[in-house]
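Written out below as structure tokens is the structure these notes cover.
Protein chains in written order, with the numbering used here: chain A, 71 to 183; chain B, 6 to 122.
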């Protein structure tokens, strides 16, 4: 079955440092989504990428979808303590009648002053 | 907007007991999902539904059952609780429209913390 891996599993940074998480799929994706889960909370949708090579920005967050549509990255510039949480990618494969979304293993980000 | 509402928020069960986690959404979404998340881990799909009357197994369906009699409701049933089912359970929904912009965004409930002792 489809597998979606993320690296690193965990990263601890000082506030102001940059952070990047990488997402790799074993199969070609129709689109990829990114979610953030705060400690004790539920996953919240951040963004969706659809096109090969697509890059989208949300303030300090930059999302990229690979040319082959099998990988993606999320980069945070100048992290803040409010960025703490686990970031999940989720890859979608259109199977004709339904889209199946598979979540990545997640990257937990810790930010300290 | 209520979004996705799940109950109860916390529950302690004894081994062998059964219970139902309730989930309802008010966004008229066709797709609904149940995920479990073990401590420090990712999300695993238990069951999903693409519309009323249709359900299908996800990655980890054993020990669970679902039904989808209406568009709004998607309850998850644990028949014989086991310690391995101690987890946080998330219900979610989406309009399932695939690759169109935002078309498959999943909206999660706040989670149900279940402990089996």
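Note that CB positions come from ideal geometry on N, CA and C, so glycine has one too.
query: Please return the same chain residues whose Cβ sits closer than 6 Å to the Cβ of residue 155/A, not counting the five positions on each side in sequence.; result: 106, 107, 108
query: For residue 104/B, which three-state DSSP category applies?; result: At residue 104/B the pLDDT is 49, less than 50, meaning the model places this residue with poor confidence and gives no usable figure here.
query: Do residue 92/B and residue 119/B come within 8 Å of each other at the CB atom, strictly closer than that value?; result: yes
query: For residue 112/A and residue 116/B, which I take to be in contact (beta-carbon distance under 8 Å), what is that distance rounded to the nearest angstrom?; result: 5 Å
query: Taking 8 Å as the cut-off, does the segment 35-46 of chain B touch the segment 12-19 of chain B (at least 3 CB pairs, one atom from each stretch)?; result: no
query: Give the interface partners of residue 111/B over in chain A, defined as CB-CB distance under 7 Å, in chain order.; result: 115, 171
query: Output, in chain order, the set of chain A residues within a Cβ distance shorter than 9 Å of residue 114/B.; result: 112
query: Of all Cβ atoms in chain A, is any one closer than 8 Å to the Cβ of residue 104/B?; result: For residue 104/B, the pLDDT reaches just 49, beneath the cut-off of 50, and the residue's location in the model is therefore unreliable, although a value from the coordinates is still provided. Yes, contact with chain A.
query: Compare the Cα-Cα distances from residue 148/A to each of 119/A, 160/A, 130/A and report the closest residue.; result: 130/A
query: Which residue marks the beginning of the beta strand (DSSP E) containing residue 26/B, and which one marks its end?; result: 24-30
query: Output, in chain order, the set of chain B residues within a Cβ distance shorter than 8 Å of residue 103/A.; result: 109, 110, 111
query: Leaving out five residues on either side along the sequence, give the residues of the same chain with a beta carbon under 7 Å from the beta carbon of residue 69/B.; result: 51, 52, 81, 82, 83
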